[in-house]
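Engineer: If you count by UniProt numbering, then the sequence shown holds residues 1 to 673, one letter each, in order.
Below: one structure in structure tokens.
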Amino acid sequence: MNSQAAALKPVAAVSERDMANAIRALAMDSVQKANSGHPGMPMGMADVATVLFSRFINIDPSAPHWPDRDRFVLSAGHGSMLQYALHYLLGFEDMRIEELQRFRQLGSRTAGHPEYGHALGIETTTGPLGQGISTAVGMALAERMLAARHGADLVDHFTYVIAGDGCLQEGISHEAIDLAGHLKLSRLIVFWDDNAISIDGPTSLSTSMDQPARFKAAGWHVQSVDGHDTEAVAAAIEAAQQSDRPSLIACRTVIGKGAPNLGGSEKTHGAPLGDAEIAATRENIGWAYAPFEVPDDILFTWREIAERGQAARHAWEQRLAASPRREAFESAVAGDLPDAVFEALGAFRKEHVEKATKVATRKASEMALGAINAATDLTVGGSADLTHSNLTITKGMDRIAPDDYAGRYIHYGIREHGMAAAMNGIALHGGFVPYGGTFLCFADYARGAMRLSALMGQRVVYVMTHDSIGLGEDGPTHQPVEHLAMLRATPNLNVFRPADIIETAECWELALKSKNRPSVLVLSRQNLPMLRQALSDEPHSDENRSSQGAYILREPAEHRAVTLIATGSEVEIAVTAAERLETEHGIAAAVVSMPCWELFEEQDADYRKSVLGSAPRVAVEAAARLGWDRWVGDTGAFVGMAGFGASAPAPDLYRHFDITPEAVAAAALKLII
1 MNSQAAALKP VAAVSERDMA NAIRALAMDS VQKANSGHPG MPMGMADVAT VLFSRFINID
61 PSAPHWPDRD RFVLSAGHGS MLQYALHYLL GFEDMRIEEL QRFRQLGSRT AGHPEYGHAL
121 GIETTTGPLG QGISTAVGMA LAERMLAARH GADLVDHFTY VIAGDGCLQE GISHEAIDLA
181 GHLKLSRLIV FWDDNAISID GPTSLSTSMD QPARFKAAGW HVQSVDGHDT EAVAAAIEAA
241 QQSDRPSLIA CRTVIGKGAP NLGGSEKTHG APLGDAEIAA TRENIGWAYA PFEVPDDILF
301 TWREIAERGQ AARHAWEQRL AASPRREAFE SAVAGDLPDA VFEALGAFRK EHVEKATKVA
361 TRKASEMALG AINAATDLTV GGSADLTHSN LTITKGMDRI APDDYAGRYI HYGIREHGMA
421 AAMNGIALHG GFVPYGGTFL CFADYARGAM RLSALMGQRV VYVMTHDSIG LGEDGPTHQP
481 VEHLAMLRAT PNLNVFRPAD IIETAECWEL ALKSKNRPSV LVLSRQNLPM LRQALSDEPH
541 SDENRSSQGA YILREPAEHR AVTLIATGSE VEIAVTAAER LETEHGIAAA VVSMPCWELF
601 EEQDADYRKS VLGSAPRVAV EAAARLGWDR WVGDTGAFVG MAGFGASAPA PDLYRHFDIT
661 PEAVAAAALK LII
């Protein structure tokens, strides 16, 4: 038994009502002490959570990362005190009563919304509504895929979600439930906190949606119960566990259940109940204990649940020890890619340096992925219905399908936001390295989940093609302008915009090695020449020059008079401009390729100075200027986009918007003459 409960003794039989009231009391006391938070949902869903944890869920607080544990996702993350109360009652070692007393305070484990990595047992960061249920779809998919590879003896667990009206109103939820229903993710069970209350008042103010009908239409198994009838809840969970489809259990609840005057009102959603109402609630639910006090018999009963989970874990560990799949399973869960992947990428770079291969970087990415996917089966690909535009599938990748999870390519459909959230879930679950593709412009649609990738530090690779006006005739609706700035502004996110096939392979290597942050590969539609060897007399080197974020691609023989800095497809333009400056004006121009701002920022000051030099600087990028002044300084110049694009062939657009070698050379001359 957990050390915190070692001295506890059961005094009398404890009912699930008593256990649920412990959650209610801890939730309202913590919110009251913090003078901040959301007591209504934890109080309303306390009965459902008690049944789930006391009778069904398999977790072990002493080993919170046990691979075959059930996953619990609090999608309605504003009700975080539900999760923190559960963790204290179950005996998670980092969730002492003092943490509940420091709810929402600086440095506490009990942040305002559940944060992955901030406290043990939190499977994903939630709070932005709809993200939890959508991330859980990825977890449930990963469970089925891992089971298909390693067998039910090692992988056989459920993903449970508590979601509220807000989660189901957010558009991402539609993408997620549609995908889950299509793929028949039968180990996914969602509890809908159907309390008919939103912040503004009754949900009828803004919605008339028949949510059970919506889930049924998406192929889910659906039940409706009184969320305060523990036997009805238990029977619904048992039925859901037997379904061959994902399950929704609509739990009709009273928000703020137990509060005699405010229960059922939006006033309990996001504010403390107040001393008078808390006192009345204590009397109403028969909780004759001081704030933050849970009697020994109730605490003992909760801690016994942890013992059940510990026994389940020990049995699983015995199966793992005897399994012929043990080594492969442990390697997959650890997420360590084999050396063969990086050896294959090294050979790939050598081959294409020698061939001087000229391809679009989206094609270069496909070619690099061919080498990666042949060297490991841990990478799992996909696309938001743009497979043959993003070029994210490679030879031998079987597709994931309903009831067939042995493949490694996922057709996410036209669901960019849902795709990004599902990839977060796959990465969080463990066992795979997910990557998925769409057009860079549609990073707008995926943005919420991409931000959480960065916040949680997950190795998710976003393959974003058609990266500029270079995509041509599809026009300004599809031509990204502000997107690079938006992505670069996101902390803990590497944004790679490679200039040629060699940089593309290097950037893939860096993305795969970045276990604690996501990456975005920003790739061209148009063909680009291989620049690295063409401008150097050195033989091929195994050094990954993109790892420094930026490097000198072209250094003039004489002391440089100007530095041209570019990314992606515009590096070629900068090189041509440098040649023009030298041959026509006798001006020595250096060219810096900057595939990753974030990695360049991490280099020491001496390296950055050696690359940027002290001469005037011109930046070239077919995107908005925002952010470039960091690198060119107050007196530098920028050649790029000042507004949205247009519909025309790509060469015409580059000329029309004056992103040409001539324009770059002219900008340089203006700085130095």
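Glycine included, each C-beta is placed from N, C-alpha and C at the ideal position.
Please read all numbers here as calculations on a predicted model, not as lab measurements.
Name the residue from T438, N424 and A239 whose alpha carbon lies nearest to the alpha carbon of S186.
Structural biologist: The shortest C-alpha separation from S186 is found at A239.
Engineer: In the DSSP assignment, the beta strand (DSSP E) including R517 goes from what residue to what residue?
Structural biologist: Where R517 is concerned, there is no enclosing beta strand (DSSP E), given that its DSSP letter is neither H nor E.
Engineer: Using the three-state DSSP reduction, which class does D467 fall into: helix, strand or coil?
Structural biologist: If DSSP states are grouped into helix, strand and coil, D467 belongs with coil.
Engineer: Look up D604 in the DSSP assignment and say whether it is helix, strand or coil.
Structural biologist: If DSSP states are grouped into helix, strand and coil, D604 belongs with coil.
Engineer: Classify D403 as buried or exposed, calling it buried when 16 or more other Cβ atoms lie within 10 Å of its own Cβ.
Structural biologist: Exposed: under 16 other Cβ atoms inside 10 Å.
Engineer: State whether the region 406-415 contacts the region 454-463, with contact taken as three or more CB pairs (one from each stretch) at a distance under 8 Å.
Structural biologist: The region 406-415, when compared against the region 454-463, does not touch it at the 8 Å Cβ threshold.
Engineer: Apply the 10 Å Cβ neighbour rule to H483 and answer buried if 16 or more other Cβ atoms are within range, or exposed otherwise.
Structural biologist: So H483 ends up on the buried side.
Engineer: Take A176 as the anchor and find which of R303, A449 and E354 has the nearest alpha-carbon.
Structural biologist: Closest by alpha carbon: A449.
Engineer: Quick one: using the 10 Å Cβ neighbour count with 16 as the cut-off for buried, is E601 buried or exposed?
Structural biologist: It counts as exposed.
Engineer: Along the chain, where does the alpha helix (DSSP H) that runs through W316 open and close?
Structural biologist: Where W316 is concerned, the enclosing alpha helix (DSSP H) stretches over D296 to A322.
Engineer: Using only the alpha-carbon positions, how far apart do A20 and D398 sit?
Structural biologist: Computed Cα separation, rounded: 46 Å.
Engineer: Between A499, G270 and T50, which lies nearest to L299 when the distance is taken from Cα to Cα?
Structural biologist: Of A499, G270 and T50, the residue nearest in Cα terms is T50.
Engineer: Between R325 and L154, how many whole angstroms is the CB-CB distance? I'm expecting something under 8 Å.
Structural biologist: Contact holds; Cβ gap of about 6 Å.
Engineer: Return the residue from the list E304, V481 and M456 that minimises the CA-CA distance to G127.
Structural biologist: Comparing Cα positions, the closest option is M456.
Engineer: By how many angstroms is the C-alpha of I573 removed from the C-alpha of A550?
Structural biologist: So the two alpha carbons sit approximately 17 Å from each other.
Engineer: Once the 5 residues before and after Q169 are set aside, which same chain residues still bring their CB inside 7 Å of it?
Structural biologist: Taken in chain order, the residues that qualify are T207.
Engineer: Within 10 Å of its beta-carbon, does P246 have 16 or more other beta-carbons around it, so buried, or fewer, so exposed?
Structural biologist: Under this definition P246 is a buried residue.
Engineer: Between L188, S569 and P661, which lies nearest to R580 when the distance is taken from Cα to Cα?
Structural biologist: Closest option to R580, Cα to Cα, is P661.
Engineer: How would you label H656, buried or exposed, when you count the other beta carbons within 10 angstroms and need 16 or more for buried?
Structural biologist: With fewer than 16 Cβ atoms within 10 Å of its Cβ, H656 is classed as exposed.
Engineer: Since E555 and A590 should fall inside the 8 Å C-beta cutoff, what is the C-beta to C-beta distance between them, to a whole number of angstroms?
Structural biologist: Between A590 and E555 the Cβ distance is about 5 Å, and since that is below 8 Å, they are a contact.
Engineer: At which residues does the beta strand (DSSP E) containing H87 begin and terminate?
Structural biologist: Where H87 is concerned, there is no enclosing beta strand (DSSP E), although the alpha helix (DSSP H) it sits in stretches over S80 to L90.
Engineer: Confirm, please, whether the CB-CB distance from A663 to V639 is below 8 Å.
Structural biologist: Taking 8 Å as the Cβ cut-off, V639 and A663 qualify as a contacting pair.
Engineer: To the nearest angstrom, report how far apart A588 and A557 are at their CA atoms.
Structural biologist: Approximately 8 Å between the Cα atoms of the pair.
Engineer: Excluding the 5 residues preceding and the 5 following G164 in the sequence, name in chain order all residues of the same chain whose CB lies nearer than 7 Å to its CB.
Structural biologist: For G164, where only same-chain residues beyond five positions count, the Cβ hits under 7 Å are M41, A76 and D193.
Engineer: As a quick exercise: from W631, S15 and A650, pick the residue whose alpha carbon is nearest that of G286.
Structural biologist: Per the Cα distances, S15.
Engineer: For the structure I just gave you, are there three or more beta carbon pairs, one from the region 117-134 and one from the region 81-101, closer than 8 Å?
Structural biologist: Yes: the two stretches touch, three or more of their Cβ pairs being nearer than 8 Å.
Engineer: Sorted by chain position, which residues of the same chain lie with C-beta nearer than 8 Å to L86's C-beta, five sequence neighbours on each side aside?
Structural biologist: Only I23, A49 and F53 meet the Cβ criterion.
Engineer: If I follow the unbroken alpha helix (DSSP H) through C251, where does it start and stop?
Structural biologist: Segment S247 to R252 is the beta strand (DSSP E) holding C251; no alpha helix (DSSP H) there.
Engineer: Grab the span of the alpha helix (DSSP H) containing residue 677 for me, first residue to last.
Structural biologist: Residue 677 lies beyond the range of the chain shown here (1 to 673); nothing can be said about it.
Engineer: What three-state label does DSSP hand A667 in the structure shown?
Structural biologist: DSSP places A667 in helix when its eight states are reduced to three.
Engineer: Which stretch, first to last residue, makes up the alpha helix (DSSP H) that contains Y116?
Structural biologist: Taken as a continuous stretch (DSSP letters only), Y116 belongs to no alpha helix (DSSP H), as it is neither H nor E.
Engineer: Give every residue of the same chain whose Cβ lies closer than 6 Å to the Cβ of E416, excluding the five residues on either side of it in the sequence, and list them in chain order.
Structural biologist: A384, T438, F442, Y445 and A446, listed in sequence order.
Engineer: If you compare alpha carbons, which of A217, T230, R71 and G151 is closest to R55?
Structural biologist: Considering only alpha carbons, the answer is T230.
Engineer: Please report how far the alpha carbon of D658 lies from the alpha carbon of E570, in whole angstroms.
Structural biologist: So the alpha carbons of these two residues sit roughly 12 Å apart.
Engineer: Nearest to E283 by CA position, among G645, N261 and D296, is which residue?
Structural biologist: Nearest C-alpha to E283: N261.
Engineer: Starting from L179, trace the alpha helix (DSSP H) in both directions and tell me its first and last residue.
Structural biologist: Start and end: G171 to L183.
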